[in-house]
Each structure stands twice: as structure tokens, then as C-alpha cells.
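Chains as they are written, first to last, in the working numbering: chain A, 1 to 452; chain B, 1001 to 1452.
Beta carbons are placed, not taken as given, at the ideal position from N, Cα and C, and that holds for glycine.
Since the structure is predicted, the reported quantities are computational estimates derived from the model, not experimental observations.
Right, one structure below, let's go through it.
Pasting the structure below:
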């Protein structure tokens, strides 16, 4: 059984307890598992069962489990709850999780829920909701431990003991001066290991970077990754500390951004939903747009074939190799574009290195072309035993490999240069571009060789 | 300027200091930046400059910077160092980073370096090197804080203060019983917030999972992500605690695994190197294998075309639509395969749900087929104004969409079922399968409609 999904094996047992109305037993049963396992378990149940099980959870567990659900699952559950319960849950949630939930809810629900919150929580929620989507401001929580420069280590520990219980992390502490400007950062490790009378000032490190509320969440992720941080501070335009982003949220961002790139590269217009929760027609729309665009682009291939129809009808055997040649060209292009797109995304290559990348990939295209040209010649000889057509097919594939590899390399870099996301250079897009050029190369070479 | 790569702007200044031999100034200059920035900076320099700058670093900074370099960069630097310096660096490195380095070095270098280490470090390095590649055992560090069940909170704090300085994290502490078996986990937060005389037993939580040294690193990553952990304990086959895996290593694993999947899905035989550091011919080999396999597979398309050569030569206009039909079929297949592969990788869908996935994707294929069939008919009417061929092309694309979408859905699930990695179902593989079926569909429909 899968270690990560192990809890699902208990589903039938729980369903039985529900149908037998063994609610007391079920309640006791639910005390033990980790909230993350209860959340996975809830996903396995029908809506009615889900509400029932959720109601049986202890108050603290309920809050933890609720925070681990996706916003649309939370919305679903909230519909069944009394105002008092909703208020309780919303107040206990971390501000960053609450923002994520409110962000997904319909406007009238948001207004109703915001009215349930006490004024200071409402103000905070409004503030966080005002940052742009996918920004550091949206991702951050306002529940950090702030220390003052002139505190002693023992005063700092005292403050951590007082405020710690509701803070998302107490391991990284942020040191501000008297005006609230971020001065630097210290860790609970340094505090614990320092003598009680030492000043916080002496164990504070300057930040090597500053994250603004308006920065993209991807920048926040890269910074946390680069400096191996547990949390990164976020400041407003005046440099005042307003919140922190923790590493667990960044893990989700890295995962999401990779999924987004996977989808873009398969020519799907960025679905941002979980596989099953995404709406069928929304996803249909996101897939069909690119497909239709590419069909229209592919008519160019039709036009090329039409213009060579005389050659084609006199040597019909030339058509046999069209799928292999265009296919291989597209495959080579999608290999090189994937290598370049991913290396750009992870920062392994930067645009400054474009010449080195291009040189490497042209050389790679030439080498691939030589090898594959020979292979294609052999394949033709097996299939038709016609030397002239064999040479045509081999030479064409050699040229196609060079062109395909270069197109796959240049197109994502061009997108990056135009400040578009290189991940939009999908394999289908490259394949369509390479198809047309492959046909022109093939028939030009065929015209020369066969008329000799 | 890019926030993550900002430090690169200082490169020219540093290069100037080196060429002017302002070494004292350079040494002072290097005191301030974060080790991660110095590591990025070193990458911008020539090898000679790199060694020079590294020698100017303070001892602690040098160790931190060294740990942040990639194994091959470390190897490069080590060549220039005296045995004393190498020994110093190796001994100060965290055991998990040291394993990663030793893992990449040639065998004779590993032996030489291991001899430099004191016996206990050598034994530990040998132990870690014996775990399989990409396993939890390889990724873990042995430097964790272990507490005993019967300690009081103040004794635990005392122990943390004593052992803390060399531990990779002190925020999660592992509680073992008298035989060294892992009993549970507690956090520095709980310890700090508890009264001094409380027993550790009372603030220890059981682990909801157990990671073994032989588990894949991906399982470790998923568990840390699921339970929002800063570190996860790893036990041996007897349940004895042997090490921990920290969240910063997991962030790198998530990133690497995504890159690996990107490459597999573009039919590149898993290059595990950074873009530029990968050897040209190794990468060539990894790319050419799949391309050759797919060329041979594509000869099937040639055979299909050959068997329909009579139909083709009598209606040559049918060839015009071959690239569009096979291309669109491939695009649809790579959309659905990407959706399924990624959802399987992130755990959004499990194999138990195969029927629901298949149902959804067949429905999607039918809908896409209806829409795209009409589009294809219109495209033909623009290009040729031949109603019969228009109907042929439209009907063919409708069927191709359904088949392509289904092939893209079923193939990765089949791979998963056969315990192969679904990410090997690359867009090129799908495209090649769909090409052959598309041609058969197209000519069968053409044969029926045009002979009417």
C-alpha cells in the first residue's frame, strides 16, 4: 500500500460505522489520525458522510483539518454549517489560509463571512485580499514573531513564549527597529544557544534580499530555496515588515508552478484546478483554443503539399515518408525546447548565455542529423530498396534535424526575450512549425535529387 | 535586475579587484554577502579566479559556500587544495552533503578522501554511501537531536543547548526509547512553551508514518509535503532511528523530480545533469535512443500509406490533410497524457479512479471531436471547396480526436499498472502511436465516402 495514501484503506471501515450509526465509536476512532490523514479520508467520502465525520471531530482537529482542505472543498463544507461554526473556523484559520479560501468564494459569501469576523481580523483579511493573485502578499501570513533590536535574549524568549502559541513559526524571528522597519533576522536556534543577557542586536543577521508584497510568488519560492530558509519576510513599499512566507507554502508553489508548466507545454491554456475538480467545460475551452489555432496553422502544411502536388503524383512513394520526417522533426524540436524551457525555469541558464546555448544546440542538431540521416536511409532501404529515394529521405532528415533542434532552442528564448512565458512554447506548437519547414526541406531536396 | 540572481552584477567589480591584485580589499568585500550569493558569484568566474576567491573566504564561510556548490563544482575546487584543506572541508560538511559529493567522485578519489576522515566519520560516510541512489538513506543526515522519553523539559533544553551547534535542525527533536527505537517526535516550539518540569513523554506525538532508508526520495518528499514537516525521521529495518531528512533537501528533490519528468515526457532518456554541466555525448545518447526507436515505429505509418497507395494516387488531394490530421491527433493525445501523467505524479488521481478518468476523457474526446470535425470541414472548404473531401476530413478528425484522447489517457495508466514510470509516456511516443491510427482512420473513412 502506498505510504502517502495509506489512510484510504480505512475508508470502508468508516463508511460502515456511519451506516451502522456507531457515532461514538467513530468519534473515538477519529482522535488518533493526523489531520492530514483525516483530510485525505474526507475526500474519499460522499458529501453527507463528509459533513457527518467533520462534525464529530474535536474542535482543534476540526480547525487543522479544515485548513488542509482545498478552497472548493472548504466552500462545500461551509454550506452545511451554522454561522457560529463558520465564524469559529474562520477565526481559528491562519490568515494566509483564510485569504486563499476567501479568494475562491463568490463575492456575496465573502461579504457575509467578513461581517462575521471581529474588526481587526476583517481589516487584515481585506488587506491580504487586495494584493494581486500569485503575489508574495497573497501567500504570506501576518502571524510572525517580531522582536526589537534592544531586547535581551531572555526578554526575547519571554516574548516568544507569550506570543508563540498562535504564530505560524517561532523558529525564525524578525527584528524590527522602533519604526517597524525590518532590520534583520535571527533564529530560535541562535537565541537558545546564546547567553541570557546578550542583546538581540548581536545575534541578528541582515537579510541578503528584500521581498515586496507585489513580488511574484515564484520569486519568493526561489529565494527560500536559494538561501535554504524556513521562512522569508515580506515588506511593503516603505520597507515596513508586514508578513512572512513559510517553506511549506513554497513547497506547494513549486509543485503548482511545475504543473502549470507541464500543462502549458502540452498546449493546454493553464488549467489551475485539480484534475477532477476542474470544470469539464472550462477545461474543454482551455484545450480547444490551442487545438483550433494549430489546425489553422497546419493548413500551411496542406498548402505546401498542394504546391508540390505535381511532384507528389509522379512519385507517390515520397508520401510514405512524410509522417516519419515531420514526426521526427517535431520530436527533436520538442526535446530541445523542453531542455531550454526547463533550464530557463529553474535558472540553470540565463538569457545572457543565449549564444552558448545556441552554439551547443546547433552542434547537437548537426550530430543528431548525421546519425538520424543514416538511420532514415536504412529504413527506406528496408521498406522500398530505392537508392535515390533513400538518399533523399536521409538527406532531408539530416537537414530537418538541424532546423528542428534550432527552432526548438530559439523559440523559447525568443518568448523569454519578448517577456512571454517560455513554457507556452508547447511541443504541439513546435511540431506545427517544424511540420511546415520539414515538408519544404523534403520536397526541395527531392526535386534536386530526383531530377538529376 | 533579477532578485534571485542580483549578486551577478558584482562580478565585473570582483574580476577587476582580482586583476588589480587588490586582495585585501577583495577579502573585506567577501565578508558581507550570504554564502548562497558567494556560491552564485563563484559560478560566474573563471576557474583560476574561483580558486583565488575561495581561498580568501573566512573558514566558516568557506565551508558554507562549499556545501552549496554542486558536486562537480566541488570536485573541481578540491583538485587545487592541500590535503589539510580538503580534510578540513570534508569534516565540516553535513553528512548528507558529504554523501552527495562522494557519490559523484571517481572511486580512487573517494578512497583517498575517506582515509583523511577520522574513523567515526569514515564509518558514517561508508554507511550512507551504501544506500541505493535516490533513496531516503542517501538523502538523510545523521545530525539530528535525539531525546529520551523520560527526560524533563529542562533536561531536554540542556541537551539541545549542548548538541545543537552541529545539528542540521534543532526544531524537530526525535524521541527514542532505551533501545534506540523511534518513539515519536516533539518540536522545540512545544518544548519552549512547556513548563520546565514537564516530561518529554507528555509532549511527544506519535509519527503518523515511518520512512525507511530504502524508501524512494520521492516518498520522503510527499510525506514532508503532506504533513507540512520541517524534517522527517528515517528508521532502519529494525525501526531504529538512523537519520532525518530536512525540508530544504526535499525542495530540491521536488524540483529535480519535476525536471526529470519534463525530460522524460519530451522523450529524453532522463538526463540528471544541469543544462551546461551535462556531457554533450551523454546527452546526445540519451536523446538519440528514443528518436531512433520512434523512427522505426514511424515506418508503420509508411507501410499504411503504401497499402493505400492506389487510393492516394487517384485522389492526390487526400495527402494535403495528412500533416493536419496526424498533427492534431498527436496534440490531443499529448494534452490528455500530460494531464493524466501529472495528476498521477502529484497524487491528484489514483489508479483506483481509472474508470472515472477514462469516462471523463472519452467524453472529452467526443466533445473535442465534434468541435474540431466542424473546424476541419471548414478548413478544407477554404482550401479546396470539395464537399466530399471536406466531409471525409471532418469525419476523420472527429474519430481521430476520440481515439487520440483515449490513447493519451490509457497509455500512462497502463504504464503505471505495469509499474513503469508513466512519465516515460512522452508526447513523441503518443504522437507516433496516434499517427499510425490516424492514417488508418482517415483512409478507411475516405474509402467509404469517396466510393459512394
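Between residue 992 of chain B and chain A, is there a C-beta pair that is closer than 7 angstroms? With chain B running from 1001 to 1452 in the structure shown, residue 992 of chain B is simply not present.
Between the Cα of residue 1052 of chain B and those of B:1064, B:1030, B:1067, spot the shortest distance and give me the residue it belongs to. Nearest C-alpha to residue 1052 of chain B: B:1030.
Between the CA atoms of residue 81 of chain A and residue 1214 of chain B - distance to the nearest angstrom: 45 angstroms
Using the beta-carbon of each residue, which ones in chain B are nearer than 9 angstroms to residue 254 of chain A? 1251, 1254, 1255, 1258
Where residue 1130 of chain B falls, given that 16 or more other Cβ within 10 Å makes a residue buried: exposed
Does any residue of chain B have a CB that is nearer than 7 angstroms to the CB of residue 144 of chain A? no
With 16 other Cβ atoms within 10 Å as the buried cut-off, status of residue 331 of chain A: buried
Can you tell which of B:1102, B:1259, B:1348, B:1305 has the C-alpha that lies nearest to the C-alpha of residue 1442 of chain B? B:1305
Sort B:1103, B:1401, B:1312, B:1362 by Cα distance to residue 1389 of chain B and report the nearest one. B:1312
CB contact check: residue 12 of chain A to chain B, cutoff 7 angstroms: no
Label residue 181 of chain A either buried or exposed according to how many other C-beta atoms from any shown protein chain fall within 10 Å of its C-beta, with 16 as the threshold for buried. exposed
Evaluate contact between the stretch 1322-1342 of chain B and the stretch 315-329 of chain A, counting only Cβ atoms and requiring at least three cross-stretch pairs below 8 angstroms. Three or more pairs of CB atoms, one per stretch, sit closer than 8 angstroms, so the stretch 1322-1342 of chain B contacts the stretch 315-329 of chain A.
Does DSSP put residue 1152 of chain B in a helix, in a strand, or in coil? Here residue 1152 of chain B sits in strand by DSSP.
Amino acids of chain B, ordered along the chain, whose beta-carbon sits closer than 9 angstroms to that of residue 372 of chain A: 1288, 1291, 1292, 1295
Starting from the C-beta of residue 451 of chain A, find all residues in its chain whose C-beta is less than 7 angstroms away, skip the five residues before and the five after it, and write them out in chain order. none
Contact criterion: CB-CB distance below 7 angstroms. Does residue 1 of chain A meet it with respect to chain B? Unreliable placement is indicated for residue 1 of chain A, whose pLDDT of 42 sits below 50; the coordinate value is still reported in the next sentence. For residue 1 of chain A, the answer is no, since every Cβ of chain B falls outside 7 angstroms of its Cβ.
Report buried or exposed for residue 422 of chain A, applying the criterion of at least 16 other Cβ atoms within 10 angstroms of its Cβ. buried
How should residue 1103 of chain B be labelled, buried or exposed, when 16 other C-beta atoms within 10 angstroms of its C-beta is the threshold for buried? exposed
Determine which residues of the stretch 1179-1201 of chain B have a Cβ less than 8 angstroms from any Cβ of chain A, and write them out in chain order. 1188, 1189, 1192, 1193
Using a Cβ-Cβ distance under 7 angstroms, would residue 1085 of chain B count as near chain A? no
Could you check where the beta strand (DSSP E) with residue 974 of chain B kicks off and where it finishes? The requested residue 974 of chain B does not occur in the structure, where chain B is confined to residues 1001 to 1452.
What residue ranges within the stretch 9-91 of chain A form continuous beta strand (DSSP E) runs of no fewer than 3 residues, ordered along the chain? none
Does residue 1342 of chain B get closer than 7 angstroms to chain A when you measure Cβ to Cβ? yes
Using a beta-carbon distance below 7 angstroms, is residue 1036 of chain B in contact with chain A? yes
The stretch 225-237 of chain A: positions lying closer than 7 angstroms to chain B by Cβ: 225, 226, 227, 228, 230
Under the rule that 16 or more other beta-carbon atoms within 10 Å means buried, what is residue 1115 of chain B, buried or exposed? Per the 10 Å Cβ criterion, exposed.
In this structure, how does DSSP classify residue 204 of chain A when only helix, strand and coil are distinguished? coil
Would you report the Cα separation of residue 1126 of chain B and residue 359 of chain A, rounded to the nearest angstrom? 41 angstroms
Using Cβ-Cβ distances below 9 angstroms, what residues of the stretch 103-133 of chain A are close to chain B? none
Can you list, in chain order, the stretches of the beta strand (DSSP E) that have 3 or more residues and sit fully within the stretch 1387-1416 of chain B? none
Quick check on residue 1239 of chain B: buried or exposed, where buried means 16 or more other Cβ atoms within 10 Å of its Cβ? exposed
Could you tell me which chain B residues have their CB closer than 7 angstroms to the CB of residue 313 of chain A, listed as they occur along the chain? 1313, 1316
Can you tell me whether residue 501 of chain A is helix, strand or coil according to DSSP? The structure shown does not extend to residue 501 of chain A, since chain A spans only 1 to 452, so no value can be given for it.
With DSSP as the reference, label residue 306 of chain A as helix, strand or coil. helix
Count the other CB atoms, across all protein chains shown, that sit within 10 Å of the CB of residue 168 of chain A; report buried if there are 16 or more and exposed otherwise. buried
Determine the extent of the beta strand (DSSP E) in which residue 219 of chain A is found, giving its start and end residues. Here residue 219 of chain A belongs to no beta strand (DSSP E); instead the alpha helix (DSSP H) covers 217-226.
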